[in-house]
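Here is the structure we will look at, set down as structure tokens.
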Amino acid sequence: MKGKERILYSEEAIKERVGEMGKAIDAYYNGKEVLVIGLLRGSFVFCSDLVRAMESKMEIDFMTTSSYEDEFSSSGDVKLFSDLRADVKGRDVLIVDDIIDTGHTLETVVKSIRALEPASVKTAVMLDKPSRREVDFSADFTGFTIDDVFIVGYGLNYGPYYRNKPYIYTYED
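Under the UniProt record's numbering, residues 1 to 173 are what the sequence shown spells out, in order.
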């Protein structure tokens, strides 16, 4: 990628916001056990930080999804690549993703999870890009709302790169 990095959310700002989200999610579940489902690959950093910020009793599982491939924006064609190991029926489920953009991925995953008869399904995302929404879907817990800019870092990628940065940034020409 060309241009100069412009940091949108620093490592410190992310840590603070994830801590606030963890407390809010704990308060919502109020002592209930939660099945946390992280959507790979993008959410792995956020999901790890979020569950460590929570005190709720939890089981953690993962699903692999893709709607971006190596593009700058979501294709809207959501692929589910792996099944869950955990039993969902009758449980409170929290789906964790890095970003809600068009909304297709979370809508597809929530529909898939609801078919397994959980007690409840909620969603948590690090970033919300509402200007790109193509479906009527909003996350229940959101870290930051952002404009329609291409971002990388903190688990977010372009191609196979940039997930390892501890902050979220874009490029300026």
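Glycine residues also receive a C-beta, built at the ideal position from the N, C-alpha and C atoms.
### Task
Output the distance between the C-alpha atoms of residue 102 and residue 153, rounded to the nearest integer angstrom.
19 Å
### Query
Shortest alpha-carbon distance to residue 84 belongs to which of 60, 131, 168, 6?
60
#### Entry: Residues bridged to residue 92 (per DSSP)
34, 120
### Message
I need the straight-line Cα distance from residue 114 to residue 121, nearest angstrom please.
### Response
7 Å
### CB-CB length for residue 151 against residue 8, believed under 8 Å
6 Å
### Task
Tell me whether residue 84 sits in a helix, a strand or coil according to DSSP, three-state version.
coil
### Query
Are residue 108 and residue 130 close, meaning C-beta to C-beta below 8 Å?
no
### Task
Leaving out five residues on either side along the sequence, give the residues of the same chain with a beta carbon under 6 Å from the beta carbon of residue 19.
53
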